[in-house]
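Engineer: When the letters of the sequence shown are read in order and numbered with the numbering used here, they come out as residues 905 to 1488.
Just so you know, even glycine gets a beta-carbon here, dropped at the ideal spot from N, CA and C.
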Amino acid sequence: MAMSMGNISRSHRSYGSHKSHGSLVRFQTAALLVGLSLLAAESAALAFGITDTGVTVSDVVLPPQQSPAPPDPRPPDPAPPDSAFQAVDTYIQEQLDSMGIPGAAVVIVRDGKQVHAGAFGRADDSGRAMTVQTPLLLASTSKSLTAMAVLQQVEAGRLALDEPVVTHLPWFSLRDSRASSITVRHLLHQASGLSSADGTAFEASDTQAPEAIEQGVRDLAGAMLEGNPGEAFGYSNANYNILGLLVQTVSGQPFGEYIEEHVFAPLAMTHSHITRASAEADNIARGYSLWFGSFWRQTEVPAPTTGMPSTTMYASAEDLGHELIALLGGGTYLENRVLRPESVEAMLTPRVRVDDSKQYAMAWFSRPLDESVNPAARPPDTSQLPQLLEHQGEWGNTHTYKAMVPASGLGVVLVINANDTSAPSRLKALDSNILRILHGQAPVPTVVQEDWLQRNGWVVSSALLLAELGSFVLALTIILRTRTRRRSISPAARNQWPLIIFAAAALTLDAFLLWLSVSYAPAHFETHLAVIVRQFPDIGFTLVPALALAVLWPVPRTLWLLARMLPKNPTAAPRLGRPTVPAA
């Protein structure tokens, strides 16, 4: 969508290339108008003689050796006062009320303990209350749990960060010879060269089979790399799915069982799960999607075990708080050591540049904490700001967020059992505004960042469905009426141009819909058509029947129209102009 969308929406899958927004809007607006104008052309054809009746990759090298960032010399920020926690709760409740979001939970940790927790709204259509112990699908915030497992295996000497994947998976290959040089470190830092699209293909499946992780990695055999391994950032869920299989292979234990025993258990994550079935038995929060930009609907979106290491683990807000306490505390939760301090340092040290302001560590984005200052007073040199480590999770029906400020020991978790796949930035704004409130700043208005096609995809698919249905009805009308008129008008006297225009317009509409759905949209969102249909449920609701008409109807429609155009008597050729009126 996983996008994305998920990640699917595109926003949660990669920090992709920057395109000219103006030209893209003009192109996509024209595309919508083309579909609608084709329907108008078909209507005109019927009226003409027969109407007596649709992660910029940056060029930053991953160095083999790099010193960790120097310690922050500034004193830690003062702890947020209780009034700040109350302000966070008030803000979240206001957003639920104004946006109609079903439910949410927030947990704040500081100095090795949970200092605030709040839950809001409902967990499902029964009205069951959301709590901080309610598990939900994590999406991409699953990755940091997998990174912990990998580093545990490095500590045990079973893995080495700079050894190739093929050392432990000798069968691993892509349709690219450079795949043999992909290392564990490349995968952890999203620098393997695998594409976002290759990392979302599994999201159209809903398999819960235990062997799905290995099969998903084997299914990458036809993938091509977008660049040399270690050369640049390129966000792909496939990287962490491969890491999960490596943990499973070297530990001799199924990945899910390993996570339960060596990550969930020592972190006391008692409401965290590796499968949907176990999460459901623990009263999972049901996910909601925003349909047609208008209403929230409880919606089941596929969450296959194929993506367990990257996207499809489940946890509660409270449990994720335990993870942040451990990472902020050098790898220990209560008396249980999950990672050594040096492993935590390696995990949280960014090594690959994403863009001018962001870098990527191991399963954590790193950037200056802009939310700690007034936007109008943001200093030109952001290196003076505290470092923020964060990651969002976007699925077709959930949104999750984790953030840490190591300098102050602050950690924040926000989980929402809903997502607006047409504009996930609306929920991402809540993440940033909570950080602002905790740092004494006022929330800022939401700025929708998604492009025209993503925001209005359901409009395009609905319009194309209406155009296809119109084409279907017009074709049936033409066929039935021309059958009646054949008996009273000779083939030689019949004007065939309206039929020809209609047939050409209908075929053009079908071709446009197929191109947009099969070629343009998947390339634009860096995913696959099946993923768009499953992760964008309102688009899938209208796009699937439109595609069915575009695939199944053109051949019989064209044959029937040709049959109506051809004369019964082969010697009597039809005329394309006006019928000749015999002289009196």
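Name the residue from 1212, 1247, 1132, 1307 whose alpha carbon lies nearest to the alpha carbon of residue 1055.
Structural biologist: Taking only the C-alpha atoms, the option nearest residue 1055 is 1247.
Engineer: Nearest-angstrom Cα distance between residue 859 and residue 1068?
Structural biologist: For residue 859 there is no data in the structure shown, the boundaries of the chain being 905 and 1488.
Engineer: Terminal residues of the continuous alpha helix (DSSP H) containing residue 1009?
Structural biologist: Not the alpha helix (DSSP H): residue 1009 falls in the beta strand (DSSP E), residues 1007-1014.
Engineer: Please say whether residue 1227 and residue 1048 have beta carbons closer to each other than 8 Å?
Structural biologist: Result yes, Cβ atoms of residue 1048 and residue 1227 sit closer than 8 Å.
Engineer: Secondary structure at residue 1408, three-state DSSP: helix, strand or coil?
Structural biologist: Note: residue 1408 maps to helix in three-state DSSP.
Engineer: Under 8 Å: do the stretch 1246-1266 and the stretch 1079-1097 share three or more Cβ pairs, one atom per stretch?
Structural biologist: Result yes; three or more Cβ-Cβ pairs closer than 8 Å.
Engineer: For the alpha helix (DSSP H) containing residue 1437, list its first residue and its last residue.
Structural biologist: Start and end: 1433-1439.
Engineer: Which residue comes first and which comes last in the beta strand (DSSP E) that contains residue 1195?
Structural biologist: 1192-1195 is the extent of the beta strand (DSSP E) around residue 1195.
Engineer: Suppose contacts are defined by Cβ-Cβ distances below 8 Å. Is residue 1013 in contact with residue 1315 by that definition?
Structural biologist: Taking 8 Å as the Cβ cut-off, residue 1013 and residue 1315 qualify as a contacting pair.
Engineer: Report buried or exposed for residue 1443, applying the criterion of at least 16 other Cβ atoms within 10 angstroms of its Cβ.
Structural biologist: Under this definition residue 1443 is a buried residue.
Engineer: Using only the alpha-carbon positions, how far apart do residue 1143 and residue 1422 sit?
Structural biologist: Each residue's alpha carbon lies about 25 Å from the other.
Engineer: Kindly indicate the opening and closing residues of the beta strand (DSSP E) around residue 1075.
Structural biologist: That residue, residue 1075, is in no beta strand (DSSP E); it is neither H nor E in DSSP.
Engineer: Return the chain-ordered list of same chain residues with a C-beta closer than 6 Å to the C-beta of residue 1426, the five sequence neighbours on each side being excluded.
Structural biologist: Excluding residues within five positions, the ones whose Cβ falls inside 6 Å are 1432, 1433.
Engineer: Taking three-plus beta-carbon pairs below 8 Å as touching, is the stretch 1329-1349 in contact with the stretch 1373-1388?
Structural biologist: Segments in contact, no.
Engineer: In the DSSP assignment, what are the bridge partners of residue 1314?
Structural biologist: For residue 1314, which the question treats as bridged, DSSP gives the partners 1014, 1309.
Engineer: For the beta strand (DSSP E) holding residue 1272, just list the boundary residues, first then last.
Structural biologist: Where residue 1272 is concerned, the enclosing beta strand (DSSP E) stretches over 1269-1272.
Engineer: Three Cβ pairs or more, each shorter than 8 Å: is that satisfied between the stretch 1188-1197 and the stretch 1299-1309?
Structural biologist: Touching, yes.
Engineer: Rounded to whole angstroms, what is the Cα-Cα separation between residue 1112 and residue 1207?
Structural biologist: Taking the straight line joining both Cα atoms gives about 8 Å.
Engineer: Given this structure, state the Cα-to-Cα distance separating residue 926 from residue 1408, to the nearest angstrom.
Structural biologist: With a pLDDT of only 42 at residue 926, under 50, the local geometry of the prediction cannot be trusted, and the value read off the model is given with reservation. Roughly 31 Å between the two C-alpha positions.
Engineer: Measure from the alpha carbon of residue 1335 to the alpha carbon of each residue in 1304, 1313, 1175, then state which is nearest.
Structural biologist: For the residues 1304, 1313, 1175, the minimum Cα distance to residue 1335 belongs to 1304.
Engineer: Compare the C-alpha of residue 1382 against each of 1115, 1133, 1406, 1010 and name the closest.
Structural biologist: Measuring from the Cα of residue 1382, the nearest candidate turns out to be 1406.
Engineer: Please report the distance separating the alpha-carbon of residue 1240 from that of residue 1437.
Structural biologist: In a straight line, the C-alpha of residue 1240 is about 43 Å away from that of residue 1437.
Engineer: Identify, in the order they occur along the chain, each residue of the same chain with its Cβ nearer than 6 Å to the Cβ of residue 1176, setting aside the five sequence neighbours on each side.
Structural biologist: So the list reads 1168, 1219, 1223, once near-sequence residues are dropped.
Engineer: Among all the DSSP beta bridges, which residues are the ones paired with residue 1320?
Structural biologist: Per DSSP, 1008, 1303.
Engineer: Cutting at 8 Å between CB atoms, please list the residues of its own chain near residue 1082, excluding the five before and the five after it.
Structural biologist: Contacts found: 1097, 1129, 1132, 1133.
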